[in-house]
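Quick mapping for you: the protein sequence lines, in order, are chains A and B. Per the working numbering, residue 1 is the first one in the first sequence, and the count goes up by one each step. Per the working numbering, residue 1001 is the first one in the second sequence, and the count goes up by one each step. Glycine residues also receive a C-beta, built at the ideal position from the N, C-alpha and C atoms.
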Amino acid sequence: MNLILGFIFGVLFGSILTLSRVIRFEKQISALLLKDMTIVKFMFSAVIVGAIGINLLNSFGLIELHLKPMMFGAIVIGGILFGLGWSLTGYCPGTAAASLAEGRIHAIFAILGMLVGSAIFAHSYPILKPLLNFGNLGEITIYQYFGISPFVVISIFALGALFLFIWFEKKKL
Amino acid sequence: MNKELNPYVGGALVGVLATLSAYLTTVLTGKTNFFGTSTTFAKISGMIENACVPNFYNEYFSKIGLNIDWQFMFVVGIFVGALITAFLTKSFKIEFVPPVFKEYFGNNFILRAFLAFVGGIFVAFGVRLADGCPSGHGLSGMMQLALSSLLAVIVFFLSGIIFANIIYRRR
């Protein structure tokens, strides 16, 4: 059941990603060059709608959250390395798989690189452990950190996204 | 038919889909599942090594577990969903060098393959260190309003923007 659900949601997610064109190399790089904000529009819209749904379900105790720990050092260094890699390949893991399915042969090299990169990480894991614990605040949400309601955070994000979207449309980005 | 879905609509649909997934997996399997992809890439990498190296043991691969789980099938689903959609909407196209890449580096497949590979290494190493990719942190983590994911998304974009503007210059 668990595996079937994963597959069904994957098919739907992959279909929406492909229909929206957000999986493509040119969309990702154009966003990083601040020329075409399609992926940012897509991502922020998903986050606002999803945050409302997830936090409603959570406030009624219908689901459990799986927060990733706030490891300051690891996220900053990992994030910088990801940004370098992202600008070179033009893909993140999910979009590379979908792009290959759309016939973009070159995405196979991105995927091979990702498999090698994962192996390098796994083998250097013992050395990297101290870094993972540097500045680790544990599993914490934005609203817990600031001591406010999750819906206040969502409202601020939604307002910020709205102004950003208006600006994107005005500038035709 | 070559339909393009509006990114605001597509994004909103993903938000609904993620909510549905969290709810249905909790009700039907007792465990809430959120979207993510990068751990599966690490699993596949571990499975390959496991198959090639006798008496293979690695602490990290043992920690994530080299089994086929919800996320593994989710990634398989992404591939299948993209494939079906690509054929139905006729967006499937065999491409060796992507359009924007050509503008900056010319029609050079070897260079594209090399940069994609090297970039892929940094992508995977970076997301393993940060414990999530634009799906796990950018979508699922942000939807849960995790502090870690907010930091990750800010660093992902800032770093990506800086490096892209260095790499893609008209020459």
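Nearest C-alpha to serine 20 (chain A) among B:Gly1030, B:Gln1144, B:Asn1006: B:Asn1006.
Taking a cut-off of 8 Å on C-beta distances, the segment 1100-1119 of chain B touches the segment 25-32 of chain A, as three or more cross pairs fall below it. For the pair leucine 131 (chain A) and alanine 74 (chain A), the CB atoms are nearer than the 8 Å cut-off.
Distance from the Cα of isoleucine 39 (chain A) is smallest, within the candidate group B:Ala1086, B:Tyr1008, B:Ile1044, B:Asn1165, for B:Tyr1008. Against chain B, the beta carbon of leucine 112 (chain A) has neighbours under 7 Å at Phe1117, Gly1120, listed in chain order.
Contact annotation for leucine 33 (chain A) against chain B: Ala1164, Asn1165, Tyr1168 [CB-CB distance below 7 Å, chain order].
Per the Cβ contact rule, the segment 41-61 of chain A is in contact with the segment 1008-1020 of chain B (3 or more Cβ pairs under 8 Å). DSSP places lysine 41 (chain A) in the uninterrupted alpha helix (DSSP H) bounded by 38-59. The Cβ atoms of lysine 68 (chain A) and alanine 1146 (chain B) lie closer than 8 Å to each other. Rounded to whole angstroms, alanine 110 (chain A) and asparagine 136 (chain A) show a C-alpha spacing of 31 Å. In the three-state scheme derived from DSSP, where H, G and I count as helix and E and B as strand, methionine 71 (chain A) is classed as strand. When C-beta atoms of the segment 163-173 of chain A are compared with those of the segment 94-107 of chain A, fewer than three pairs fall below 8 Å, so the two segments do not count as touching. Along the segment 1096-1110 of chain B, going in chain order, the ones with a CB nearer than 8 Å to a CB of chain A are Phe1096, Val1097, Pro1098, Pro1099, Val1100, Phe1101, Phe1109.
In the DSSP assignment, leucine 1147 (chain B) falls within the alpha helix (DSSP H) that extends over 1147-1167.
Leaving aside the five residues that flank asparagine 55 (chain A) on each side, the residues in its chain whose CB is nearer than 6 Å to its CB run, in chain order, Pro150.
The beta-carbon of alanine 1051 (chain B) is placed no less than 8 Å from the nearest beta-carbon of chain A. Around the beta carbon of proline 1054 (chain B), fewer than 16 other beta carbons sit within 10 angstroms, so the residue counts as exposed. At a Cβ-Cβ threshold of 8 Å, glycine 1081 (chain B) and serine 45 (chain A) do not count as neighbours.
Taken in chain order, the whole beta strand (DSSP E) runs of length 3 or more contained in the segment 86-135 of chain A number zero. Going by beta carbons, proline 126 (chain A) and threonine 1037 (chain B) fall outside the 8 Å limit.
Counting only unbroken stretches of 4 or more residues, the alpha helix (DSSP H) elements lying wholly within the segment 1087-1130 of chain B are 1099-1105, 1109-1130, in sequence order. Methionine 1143 (chain B) and phenylalanine 1074 (chain B) have their C-alpha atoms some 18 Å from each other. Of the residues A:His106, A:Ser118, A:Ile120, A:Thr18, the one whose Cα lies closest to the Cα of phenylalanine 1114 (chain B) is A:His106.
Within 7 Å of the CB of tyrosine 1008 (chain B), the CB atoms of chain A belong to Lys41, Ser45, in sequence order along the chain. Assigned with DSSP and collapsed to three states, threonine 141 (chain A) falls in strand.
Phenylalanine 146 (chain A) sits in a helix when the DSSP states are folded into three classes.
In the three-state reduction of the DSSP assignment, serine 1038 (chain B) falls in the helix class, which pools H, G and I.
The beta carbon of leucine 164 (chain A) does not come within 8 Å of any beta carbon belonging to chain B, so the residue lies off that interface.
Comparing C-alpha distances from phenylalanine 121 (chain A) to each of B:Val1027, B:Phe1061, B:Tyr1057, B:Thr1029 shows the shortest one belongs to B:Phe1061.
Per DSSP, the continuous alpha helix (DSSP H) segment holding tyrosine 1023 (chain B) begins and ends at 1007-1029. Within the same chain, and ignoring the five residues on either side of phenylalanine 1041 (chain B) in sequence, the residues whose Cβ sits closer than 7 Å to its Cβ are Ala1124. Apart from the 5 residues on each side of it in sequence, isoleucine 154 (chain A) sits with its Cβ closer than 8 Å to the Cβ of Ile48, Ala51, Ile52, Asn55 in its chain, given in chain order. In this structure, glycine 85 (chain A) and glycine 1046 (chain B) do not form a Cβ contact; the two beta carbons are roughly 20 Å apart against a cut-off of 8 Å. For phenylalanine 13 (chain A), the enclosing alpha helix (DSSP H) has its first and last residue at 2-19.
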